[in-house]
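Residue numbers (the working numbering), protein chains in the order written: chain Z, 1 to 219; chain D, 1001 to 1313; chain B, 2001 to 2672. C-beta: ideal position from N, C-alpha, C; glycine also. The block underneath contains the structure these notes are about, expressed in structure tokens.
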Amino acid sequence: MTTLSIQLVNLFAAFLLMLAFAMLAQRRVLSLVNLYALQGLTVVAATTVVAHVTHQQHLYYSAGLTLALKVCFIPWILHRLIKRLNVRWDVETLINIPSTMLVGIVLVVFAFNLALPISKLSSSVVPGTLGIALACVLLSFMMMITRSKALPQVIGFLAMENALFFAATSATYGMPMVVELGIALDVLVGVFILGVFLFQISEQFESLDIHHLENLKED
Amino acid sequence: MTKVFSQFISIVTPILLAPMLLGWVNQVRAWLANRSGAGIFQPYRMLHKLFNKDSVMASTASPLFRFVPYLMFGCMLLANAIIPTLSTDLPLASAADAIALVGLFALARIFISLAAMDIGTAFGTMGARREMLVGFLAEPALLTVLFSASLIGQSTSLTTIVEAVAHKHFAIYPSLVFAGMAFILVFLAENSRVPVDNPATHLELTMIHEALILEYSGRHLALMEWTASLKLFAYSTLGIALFLPWGIAQKATPSSLLVALPSLALKLTLIGVVLAVVETFSAKLRIFRVPEFLATAFLLGVIGMLTHILLGT
Amino acid sequence: MNIPAIDLVLWVISAWMTVGLLGIVALHKFALVSRIFFPIGALAGLVLAIVAIRALGSGKVETKRLALGLPQLPFHLRLDALSAFFLLVIGLASFGISLFAAGYFRAGEGTAPGLLCLEFHFFLASMALVLIADDAYAFMVAWESMALASYFLVTANHRIPKIRAAGFLYLLIAHIGAIAILLCFGVLQANTGDYTFANMRAQNLSTFWASAAFLLAVVGFGAKAGVLPLHVWLPEAHPAAPSPVSALMSGVMLKMAIYGLLRVTFDLLHLHIWWWGVIVLVIGLSTAIFGVIFASVQVEMKRLLAYSSIENIGLLFAAMGLALLFRSYGMNAFAALALTACLFHVLGHALFKSLLFLTTGSVLHATGERNLGRLGGLIRYMPWVAWLAFIGVLASSGLPPFSGFVSEWLLLQSFLFTPGLPQPFLNMLIPIATASIALTAALAGYAMVKFFGVIFLGQPREEKLSQAHDPGYFEKIGMAWLALLTIGLGLAPNVLLHLIDPVTKGLVGVGLSHRASANGWWLLTPTSMVRASYGPLYFLIGVASTCAIAFVLVRLLYHARLRRSAPWGGGHPWRNSRMQDTAEGYGQPIRQIFEPFFHLDRHLPKPEDTAPEYHVVVSDKFWEGVFMPIARATEYVSAKVGKLQQGRIAIYLLYSFVTLLVILLLVPMATR
């Protein structure tokens, strides 16, 4: 039975990587939010499987928390934000998408080479996933770099957090419950603050293009 | 004897069923658009009509132009013959493995592009250029998909891959997630479906496949249409063989065929529905988004191979 | 009759030299030179091929000392399987090319026919000599005469300044390469002062010196082969040369560089380090992709083929790099597979690329045009050339069942074995490498469809093209020979694998042939039947028989009525041949997708232009990025140095005097 669950976790890891690439290649803000929700769902599934294999009760709780927060609540907020700010249009990326993905592949190779010695030390059931989690973190970072609008950057930040959470579960069977609760709270607060920021930015500049922020510097 | 029989039905089934698959896709698309549709036998009527008509050929056509429909038909039929559709017991499959299969598709593509350039009309050359544009990205993408699968089966022979995936112990392969996504994109592009090409229009801004066969008529056009449906069938069965191989028989005994045939029919029906839904719900891409679309497929295929090696499954 | 094969090879070489010298005697007797001398040279090539096959079959290593040249410094010669294989390549390709040349060269074109004959046959002879040289001295003599002979051939039309410039560039880079090769031999002999290859084999170099020798060899032979970034001479020299010469240079001479690198890395050096393989692999892959992308945007037919040659050289390097990688980890069976792919492609490419260059020669002679934008529709006026070119095009696109596909197939097979490498980092590079090979192959198809489609299909873009006609017998036979070999190689690859066997056995100790033909000569199975198999004959029969059956059935069940009319073309009433895609138009998608690769000089018409004009010039970024800075720096330095030149004797004497003083000062310091 364990081989099956290892394969399942690997499968979810692959899904996660694919979603990270899909977000990298996605132009539409709405689809980005949906992909983010899907990513959350994958993390939930992976966490549940790990919880089942390792019989760690608290992982079930964190899975539930993730489900409530990252699959339902935050995407809902983001959808509302998009509607209120009226930013449903496509966003052009700064670098064209195939090149971004090429760089992405290089990042994946890099992340795996980085994770290889660490996962050898780790006692986890699924050592290969650490590299994927790291790759997802880097890819989300990259997505933030290549977007010129504020909202995709927020989503990139959230996706990065998802990947970190996945790294924590797959490599060390999750952090202590308190830490996880704290992080979840942080993310929630972060989203609220960012939401407020976005409103402020859009009121100030009548646009969410972060190029305008360059005007804030003193000459 | 079963070998020959098995090969025989794997050639006859595509010839007979391929137009029906096309008819089924069109029927579902019609239903989704709230039309009643022409029925799944419409492509057969179409072929019959075209075969009965006279062929009109441009006076400037070279012999190449005349022979291409037959060559295309031969290429696609051979492609169908080596893909394990019903059983993996195919003697012809030893002649061509997965790489040769891609080569076969490439051969057909080059023939059709050259035939389109032969007459020397503006549409023909434009279609040829676009077809090659789709091809030069779709072909390596398909290769990477097949390589992801062949890394699992430790073989490039399609029958061995299918046996490895379907008949050995059950396992989940993460690399196939990527390969599957890439394959869907390649499938849409290679069979001239929305969002890459629209099989239903003749708009010069968008058409690819229709521009290629614009100068054909009568029996030559019929062969070209039949070839197109054979290609759709080949890609569908290739997808089934790689990603949903359960039910494909190892030996072509009558009893195992009794399982294989209905399961194939079921899977093809499903693929038809999915294809129609995808086509109905997506919009045609601008022609210069197409390389991006295919580059995505290509890179997904590469990531598929990478994950296989990285996760070590 | 038991003459050693090496003697026969020497006989062929001297036959070529004699024919060349006879050319001088009959300097302006055009008919004699072209109709008699060139066919004799062709026959010598055929003899060479037969000798090479015999030598490969016997598997003996023969050596010989020739007391030529300087006293105390005889030529050491040696014929082993590797040399024999490349001699086979020269023999087979030169037979077709020489026959073609017999009909091709015209009186009154630049160099006198007798002189051309001399250069052409000395070129052939020096290439053969390179292959059997067994010491650095003989090798360098042969190598340099090869470069010189080909330089004079490139500049056959020396009255055109552009051709002179191309020749100069070629000579320059050839010499940079030659210096590197010379230094490489210097390192290899490890201060023993003995420059024979036998001595070099006996040396045990340290890792550092072995790597130095290897890198020098890569630079030296890479310059000759035209790998990135030393490729710039290739697209200039190939179009400048007369077509048979381009065929010989691209088909055969580039392979001499491959031979040299194989000789140094697999034979003379014992050490194999994994990053050598990675370097060669990466150089090869980037060269291949670069070459094929540039090939797809060319508008001149011979330039297109030249870039396609760069691509193929890249593939050869990639295969060699992979073989080195396997070799360094002791996986000799896989190394043999990669080497087999490499060697197969060496011969395959020699044949089909020569064929394609020869067809461009025929087109050039028949139409006087080398720009794709002014050609078109030639399949109607030159059916022979068109159909022979078609075979070359299909082989060059790597399509089954032709020869290009077999080597590509073998190469991909060997790539798929690499997950067994012990280093995870390398394993991760492999999918990317495999994907690049696949992309290269597909893009080669694009370039080749453009080549064939724009030249031979469609409507003629110029009035005069309808006057074009097929060439004479010599040319036809020459091209048909190459085409037949290309088809034969594609259909019966196992025959060639059988010949490659002794070569890989000699280099890595493992042969492939017995396993490859284990299931019959018609089925290619490099490892096992379960793992992979390819049967080109089945393949051909499958497609051909279905075609035939469909053809007959349509006629039986329906009818074969055919009407001819004007082309439909969507029903547009006005149309002419200029509405077809031009070569620029056909390359436009590639220009757009790979824009960062190119240096584009584009002029677009404005709406108010009364005489709108569009032109685009695609040039190589390496010129701007690498070569122009070097050229400018050289110019700067030489301008500074030039100031020393005053023109007054007294100043020069002063220079000598100062130099003398400095030396006199230094001598006691050095002796201390």
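> Shorter than 8 Å from the beta carbon of Gln7 (chain Z) to some beta carbon of chain D?
Replying inline: The count along the first sequence starts at 1 and reaches residue 7 (chain Z) at position 7. Closer than 8 Å: yes.
> What residue range is occupied by the uninterrupted alpha helix (DSSP H) comprising Leu35 (chain Z)?
Replying inline: Looking up residue 35 (chain Z) in the first sequence gives position 35. It spans Val29 to Thr54 - the alpha helix (DSSP H) in which Leu35 (chain Z) sits, taken as one unbroken run.
>> Between Gly2020 (chain B) and chain D, is the shortest Cβ-Cβ distance under 8 Å, so that the two count as touching?
In response: As a first step, residue 2020 (chain B) is located in the third sequence; it is residue number 20 there, counting from the start. Chain D contact via Cβ: absent.
> For Met1057 (chain D), which beta-bridge partners are listed by DSSP?
Replying inline: Working through the second sequence from its first residue, we reach residue 1057 (chain D) at position 57. Met1057 (chain D) pairs with B:Arg2564.
> Quick one: which chain B residues come within Cβ less than 9 Å of Glu1225 (chain D)?
Replying inline: Within the second sequence, the letter at position 225 stands for residue 1225 (chain D). Near Glu1225 (chain D) there are no residues of chain B at all, since even the closest Cβ is about 13 Å away, more than 9 Å.
>> In whole angstroms, give me the CA-to-CA distance for Ser1150 (chain D) and Asp1097 (chain D).
In response: The residue you call residue 1150 (chain D) lines up with position 150 of the second sequence. The residue you call residue 1097 (chain D) lines up with position 97 of the second sequence. Using only the alpha carbons, I get a separation of about 10 Å.
> So what does Ser2619 (chain B) bridge to, in DSSP terms?
Replying inline: Your numbering for residue 2619 (chain B) matches position 619 in the third sequence. In DSSP, Ser2619 (chain B) forms a bridge with B:His2599.
>> Can you check whether the C-beta of Leu1214 (chain D) is within less than 8 Å of a C-beta belonging to chain Z?
In response: Within the second sequence, residue 1214 (chain D) is the residue found at index 214, counting from 1. Taking Cβ atoms only, chain Z never reaches closer than 8 Å to Leu1214 (chain D), which makes this a no.
> Helix, strand or coil: which one does DSSP assign to Asn1026 (chain D)?
Replying inline: Numbered from 1 along the second sequence, position 26 holds the residue referred to as residue 1026 (chain D). Helix, per DSSP.
> With contact counted as at least three CB pairs below 8 Å, one residue from each stretch, are the region 2534-2554 of chain B and the region 1069-1077 of chain D in contact?
Replying inline: yes
>> Can you check whether the C-beta of Asn10 (chain Z) is within less than 8 Å of a C-beta belonging to chain B?
In response: By one-based count along the first sequence, residue 10 (chain Z) stands at place 10. So no, Asn10 (chain Z) is outside the interface.
>> Any C-beta of chain Z within less than 8 Å: which residues of the region 2418-2435 of chain B qualify?
In response: Pro2424, Phe2425, Met2428, Leu2429 and Ile2432
> Sorted by chain position, which residues of the same chain lie with C-beta nearer than 8 Å to Ser1036 (chain D)'s C-beta, five sequence neighbours on each side aside?
Replying inline: Residue numbering aside, residue 1036 (chain D) sits at position 36 when the second sequence is read from its first letter. Taken in chain order, the residues that qualify are Ala1030.
> If you check the beta carbons only, do Val1134 (chain D) and Ile1184 (chain D) fall under 8 Å apart?
Replying inline: Counting from one through the second sequence, the residue named residue 1134 (chain D) turns up at place 134. Counting from one through the second sequence, the residue named residue 1184 (chain D) turns up at place 184. Their beta carbons are not under 8 Å apart, which means Val1134 (chain D) does not touch Ile1184 (chain D) by this criterion.
> Would you report the Cα separation of Met1046 (chain D) and Ala25 (chain Z), rounded to the nearest angstrom?
Replying inline: Locating residue 1046 (chain D) in the second sequence gives position 46, counting from the first residue. Locating residue 25 (chain Z) in the first sequence gives position 25, counting from the first residue. Each residue's Cα considered, the two are about 41 Å apart.
>> Using beta carbons (cut-off 8 Å, strictly below), is Met1126 (chain D) in contact with chain B?
In response: Counting from one through the second sequence, the residue named residue 1126 (chain D) turns up at place 126. Met1126 (chain D) counts as touching chain B.
>> So, under 8 Å CB-CB, Leu1090 (chain D) and Ser1157 (chain D) are touching, yes? Tell me the CB distance rounded to an integer number of Å.
In response: Sequence index remark: in the second sequence, residue 1090 (chain D) carries index 90 (1-based). Sequence index remark: in the second sequence, residue 1157 (chain D) carries index 157 (1-based). That belief does not hold up - the Cβ atoms of Leu1090 (chain D) and Ser1157 (chain D) are roughly 10 Å apart, past 8 Å.
> With 16 other CB atoms within 10 Å as the buried threshold, where does Pro2502 (chain B) fall?
Replying inline: For the purposes of this step, residue 2502 (chain B) is identified with residue 502 of the third sequence, where counting begins at 1. Result: buried.
> Who does Glu2300 (chain B) pair with in a DSSP beta bridge?
Replying inline: Residue numbering aside, residue 2300 (chain B) sits at position 300 when the third sequence is read from its first letter. Answer is B:Asn2371, bridged to Glu2300 (chain B).
> List, in order along the chain, the chain B residues whose C-beta lies closer than 8 Å to that of Ile105 (chain Z)?
Replying inline: Sequence index remark: in the first sequence, residue 105 (chain Z) carries index 105 (1-based). Those within 8 Å of Ile105 (chain Z) in chain B are Ile2432.
>> Whole angstroms are fine: how far does the CA of Ala20 (chain Z) sit from the CA of Ala135 (chain Z)?
In response: Reading the first sequence from its first residue, position 135 is the one you call residue 135 (chain Z). Reading the first sequence from its first residue, position 20 is the one you call residue 20 (chain Z). The alpha-carbon atoms of Ala135 (chain Z) and Ala20 (chain Z) are separated by roughly 9 Å.
> Do the region 2072-2087 of chain B and the region 2013-2022 of chain B meet, that is, are 3 or more Cβ pairs less than 8 Å apart?
Replying inline: no
>> With H, G and I counted as helix, E and B as strand and the rest as coil, what does DSSP make of Leu2524 (chain B)?
In response: Within the third sequence, numbered from 1, the residue matching residue 2524 (chain B) stands at position 524. Strand at Leu2524 (chain B).
>> Counting only beta-carbon separations shorter than 8 Å, does Ile97 (chain Z) have a partner in chain D?
In response: Here residue 97 (chain Z) refers to the residue found at position 97 of the first sequence. Chain D, which has a Cβ nearer than 8 Å to the Cβ of Ile97 (chain Z), makes this yes.
> Taking just the CA atoms, how far does Arg2078 (chain B) sit from Lys2064 (chain B)?
Replying inline: Within the third sequence, the letter at position 64 stands for residue 2064 (chain B). Within the third sequence, the letter at position 78 stands for residue 2078 (chain B). Those two C-alpha atoms are separated by around 6 Å.
>> On the criterion of 16 or more Cβ atoms from any shown chain inside 10 Å, does Ile1049 (chain D) qualify as buried, or is it exposed?
In response: Within the second sequence, the letter at position 49 stands for residue 1049 (chain D). The sequence as given places Lys at residue 1049 (chain D); Ile does not occur at that position. Exposed, since its Cβ has fewer than 16 Cβ neighbours within 10 Å.
>> So if I threshold CB-CB distances at 8 Å, which residues from the region 130-146 of chain Z count as touching chain D?
In response: Gly131 and Ile132
>> I need the straight-line Cα distance from Tyr2151 (chain B) to Tyr2170 (chain B), nearest angstrom please.
In response: Stepping through the third sequence from its first residue, residue 2151 (chain B) is reached at position 151. Stepping through the third sequence from its first residue, residue 2170 (chain B) is reached at position 170. Taking the straight line from one Cα to the other gives about 7 Å.
>> Please list the terminal residues of the continuous beta strand (DSSP E) segment that includes Thr1296 (chain D).
In response: By 1-based counting over the second sequence, the position of residue 1296 (chain D) is 296. First-last for Thr1296 (chain D): Val1290 to Leu1311, but that is the alpha helix (DSSP H), not the beta strand (DSSP E).
> Does DSSP classify Arg1035 (chain D) as helix, strand or coil?
Replying inline: Counted from its first residue, the second sequence places residue 1035 (chain D) at position 35. Arg1035 (chain D): coil per DSSP, three-state reduction.
> Given a threshold of 16 other Cβ atoms within 10 Å of its Cβ, counted over all protein chains shown, does His2469 (chain B) qualify as buried or as exposed?
Replying inline: In the third sequence, residue 2469 (chain B) corresponds to position 469, counting from 1. With fewer than 16 Cβ atoms within 10 Å of its Cβ, His2469 (chain B) is classed as exposed.
> Are the CB atoms of Ser2354 (chain B) and Gly2096 (chain B) nearer to each other than 8 Å?
Replying inline: Sequence index remark: in the third sequence, residue 2354 (chain B) carries index 354 (1-based). Sequence index remark: in the third sequence, residue 2096 (chain B) carries index 96 (1-based). The answer is yes: Cβ separation under 8 Å.
> What's the C-alpha gap between Val2626 (chain B) and Thr1060 (chain D)?
Replying inline: Taking the third sequence and counting its residues from 1, the one referred to as residue 2626 (chain B) is at position 626. Taking the second sequence and counting its residues from 1, the one referred to as residue 1060 (chain D) is at position 60. The straight-line gap from Cα to Cα measures roughly 48 Å.
>> Going by C-alpha to C-alpha distance, which of Z:Thr129, Z:Leu78, Z:Ile105 and Z:Phe12 sits closest to Leu41 (chain Z)?
In response: Residue 41 (chain Z) sits at position 41 when you count from the first residue of the first sequence. Closest option to Leu41 (chain Z), Cα to Cα, is Z:Phe12.
> If you run the structure through DSSP and keep just helix, strand and coil, what is Tyr2614 (chain B)?
Replying inline: The residue you call residue 2614 (chain B) lines up with position 614 of the third sequence. In the structure shown, Tyr2614 (chain B) sits in coil (DSSP, three-state: anything other than H, G, I, E or B).
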